Amino acid sequence: MIYRESGQYKTSYSADMAVFPLRQDRIGIFVIIALAYSMAFFGSNFMLQAVLIPFLIFSLAAMGLNLMVGYAGLLSLGTGAFMGVGAYACYKLMTIFPGVNVIVWILASGFFSAAIGVFFGLPSLRIKGFYLAVATLAAQFFLQWSFNRIPWLYNYNVSGAIEAPLRTLFGVPIVGPTATPEVRYVIVLTLVIFLTWIASNIVHGRVGRQWMAIRDMDIAAELMGIKLLQTKLLAFAVSSYYCGVAGAMMVFLWYGGAEYNVFNINQSFLILFMVIIGGLGSLIGSFLGAGLIFMLPIAMGIVLPAIFGPLGIRVGAETIEHLRFMILGALIIFFLIVEPHGLARLWQIAKQKLRVWPFPY
Amino acid sequence: MNALYQIFIEPFIFMGEAPDLLIQTIWEGFVSGILYALIALGFVLIFKASGVFNFAQGIMVVFAALTLVGFYSMGIPAIISLILAIGVMFLLAVTVERVVLRPLVNQPDIILFMATFGITYFLIGLGEFIFGGEPKVMITSQLYLPEGRTNFDILGGFVTIQHIDVAAAVIAIIMIAVLGIFFSKTRIGRALRAVADSHKAALSVGISLNQIWVIVWFAAGIVALVTGIMWGARSDVSFALQIIALKALPVLILGGFTSIPGAIVGGLIIGIGEKIGEFYWGPLLGGGIETWLAYVIALIFLMFRPQGLFGEKIIERV
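First to last, the protein sequences are chains A and B.
Counted from 1, the first sequence has number 175 at position 175 by my numbering; the numbering is strictly sequential.
If you want my numbering, it's the position in the second sequence, counting the first as 1, plus 361.
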């Protein structure tokens, strides 16, 4: 009843093809963004540092992977390594040019990641589907090895790790040990909203339709005149850009430092799961999937002791870790059986039901 | 100029200088190649019969080994533990078929592939929950597997060969031969190949898909158990082993996804190529190139022969 579109007449083609055609949707987006910014004032340090900032960063990485796997149909297992490329590129840029604003460098480091992504995407014209995943696995292991074995990348320091130096914006420290979670959260939120807006425009435009055409049947797409190699490489480039920026934000706006093991194959799998559970081919699915998979251990750490504590059964951290793997695996299978299109499809169905509520259809 | 010399001439001089080292390296590569081939064999079995790329093969190896060691540590004699472990793998096959494969019948391959991701993570959690995360020792001597090593004096130096490696190679070759005969000569083997070609056609001839899937996952489970015993005998049984299963991917690409002899040939090429590359060319690049050399070899192979050495040429259906 509240989600009706009656009374909202479209008087132009652009209004008809808008991304959010209902006024309620548009209001909803503004409310969500306003709520998100207000969390900077009302959220506790733990909430910001351990829950919201990583949720946003993983959503960005999942969005990047979703662009490649969900929209273009190119399976990639190298996400962790592309995040690492962005992080190390940002580190080198920050240390070589300390005077330039760090946000510029975070956004620029994605381009290095995109270049590496294009290089490892070159085989995609000859091989497709599952075999392409092996090519990206080669990228993952090779890049992870090079993070460790190329000392120039971590400025020859002894520990082999990179850490975030102090950087300020208008006098307020935003990167480094003294940056407060609130400031970092606002920066991350702004960057994620900006990049999501760009991604939304890409997937609703010509490029997005080209990707979806390639995903559905690439031979027909080629016959229609879509240049396969350029479009696939563009998918690799954009996806790696997003993953690179997410990696740079992960190291400099969340962890504060990193070493090569942070960007291992498990990271790649984790983000792939976020994409699968969230829904392939949907931007909101990236957020939902990241939220579910990232919040799962935190929620379990709170809920399980609350349930079992009064019964006298001690639920230790290692048990939670084991149960987290088991629940994650069971969730993946459950979602693939029940709703292969993921949480985003469930959200769409919910919205559809709301539109006709209280009628069933 | 110096770089060209270092890449193309010097390693071969080094090879010629110490031929016993070369033979040792080749033997090490052969053994690890046989072990990769064993893991790849499990993949090939399931892919041939159900078209599913079973990412969970690696964790099935670990799980099988852990079950065996777990039963033995409860005091059950070794041979009975082995039979019980085989029984557990059968139960696993039935459960997977009932819970995962049956509801996902007719879904695209990518969905089934991701479902095996789910199985992997579930088994990791379950294994750690039941058996604990610390590495265990494989019960090699109790299973009557040989231990110890012999030294051969060859070509001026000496080469060390571990008995367990020879046993692993022999067992692997026997198992591959048995599986090959099983697939080509028996009725069930023919049914498996029919299911691999087309599910609908197999159903129309009267082959029960569910039974076939249970059989093939059970066979893969036995292969996983043998692999786990062999791998565990060389190094301890721990969850790090399941990452090694990722190495089976280049093996499959080289050999072809549906070919059992291809798994062997691919495994040997990757195993020997990896060891020789690491030993003779590794120091040029700073060492540790074993982690990615196999994938790069597979990648180069993919560019020129995507179906592998023995696989079937992929026919694009529009």
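For every residue, glycine included, the Cβ atom is placed at its ideal position computed from N, Cα and C.
Remember, it's a predicted structure, so these values are computed and weren't measured experimentally.
From the DSSP output, in three-state form, read off residue i for me.
i, result
"B/N512", "strand"
"B/T428", "helix"
"A/I313", "coil"
"A/F42", "helix"
"B/F385", "A small correction: the amino acid at residue 385 of chain B is Gln; Phe does not occupy that position in the sequence shown. Looking at B/Q385 - three-state DSSP - the assignment turns out to be helix."
"A/A258", "strand"
"B/R666", "coil"
"B/K497", "strand"
"B/Q468", "coil"
"B/R678", "The predicted position of B/R678 is uncertain, since its pLDDT is 37 and thus under 50; no value can be drawn from it."
"B/I412", "It should be pointed out that residue 412 of chain B corresponds to Gly in this sequence rather than to Ile. Residue state, collapsed to three classes: coil."
"A/I349", "helix"
"B/G518", "strand"
"A/E5", "coil"
"A/E163", "strand"
"A/G70", "helix"
"B/G463", "The amino acid at residue 463 of chain B is misidentified as Gly; the sequence shows Arg. Three-state DSSP puts B/R463 in coil, outside helix and strand."
"A/R126", "coil"
"A/F97", "coil"
"A/A221", "helix"
"A/K227", "coil"
"B/P644", "helix"
"A/S200", "helix"
"A/T11", "coil"
"A/F20", "coil"
"A/L77", "coil"
"A/L280", "coil"
Within this structure, are the beta carbons of residue i and residue j separated by less than 7 Å?
i, j, result
"A/M249", "A/V188", "yes"
"A/A133", "A/L77", "yes"
"B/G488", "B/F424", "yes"
"B/Y641", "B/P380", "no"
"A/L272", "B/A476", "no"
"B/G589", "B/V422", "yes"
Less than 7 Å between CB atoms is the rule here; does residue i satisfy it with respect to chain A?
i, result
"B/G647", "yes"
"B/M344", "The requested residue 344 of chain B is not part of the displayed model; chain B covers only 362 to 679."
"B/P667", "yes"
"B/T652", "yes"
"B/Y505", "no"
"B/A476", "yes"
"B/F490", "yes"
"B/I676", "Reliability fails at B/I676, whose pLDDT of 46 lies under 50, so the model's placement of it is uncertain and no value is given."
Output yes if chain B places a C-beta closer than 7 Å to the C-beta of residue i; else output no.
i, result
"A/G301", "no"
"A/Y131", "yes"
"A/V134", "yes"
"A/F325", "yes"
"A/W211", "no"
"A/W145", "yes"
"A/R126", "yes"
"A/L401", "This structure does not reach residue 401 of chain A, given that chain A is present from 1 up to 361, and the question cannot be answered."
"A/A248", "no"
"A/L137", "yes"
"A/R345", "no"
"A/R149", "yes"
"A/F142", "yes"
"A/L336", "yes"
Check whether chain E comes within 7 Å of residue i, counting only Cβ atoms and requiring the distance to be less than that.
i, result
"A/P340", "Any reference to chain E falls outside this structure, whose protein chains are A and B."
Run through the DSSP bridge pairs and tell me what residue i is partnered with.
i, result
"A/T168", "A/P173"
"A/F111", "None; A/F111 has no bridge partner."
"B/V598", "B/K497"
"B/Q523", "B/R510"
So does residue i have its beta carbon nearer than 6 Å to some heavy atom of the ligand ATP?
i, result
"A/G256", "Because no ligand of any kind appears in the structure shown, any question about the ligand ATP cannot be addressed here."
Is it a yes or a no for the region 98 to 110 of chain A touching the region 615 to 627 of chain B, going by three-plus beta-carbon pairs under 8 Å? no
With contact counted as at least three CB pairs below 8 Å, one residue from each stretch, are the region 107 to 122 of chain A and the region 230 to 240 of chain A in contact? yes
State whether the region 255 to 262 of chain A contacts the region 180 to 187 of chain A, with contact taken as three or more CB pairs (one from each stretch) at a distance under 8 Å. no
Could you say if the region 69 to 84 of chain A and the region 122 to 138 of chain A meet the contact criterion of at least three C-beta pairs nearer than 8 Å? yes
Three or more C-beta pairs closer than 8 Å, one from the region 601 to 614 of chain B and one from the region 386 to 401 of chain B: is that the case here? yes
Are at least three pairs of beta-carbons, each pair with one atom in the region 566 to 586 of chain B and one in the region 471 to 483 of chain B, less than 8 Å apart? no
Could you say if the region 80 to 98 of chain A and the region 282 to 301 of chain A meet the contact criterion of at least three C-beta pairs nearer than 8 Å? no
Under 8 Å, with one C-beta from each stretch per pair, do the region 524 to 532 of chain B and the region 490 to 510 of chain B reach the 3-pair mark? yes
For the pair the region 29 to 43 of chain A and the region 220 to 228 of chain A, tell me if three or more CB-CB distances fall below 8 Å. no
Does the region 277 to 285 of chain A come close enough to the region 344 to 357 of chain A that 3 or more CB-CB pairs lie under 8 Å? yes
Quick test of the definition: if touching needs 3 or more C-beta pairs under 8 Å, does the region 324 to 331 of chain A touch the region 476 to 494 of chain B? yes
Touching by the beta-carbon criterion (3+ pairs, under 8 Å), the region 387 to 399 of chain B and the region 632 to 640 of chain B: yes
Validate contact between the region 555 to 564 of chain B and the region 405 to 420 of chain B using beta carbons, cut 8 Å, 3 pairs: yes
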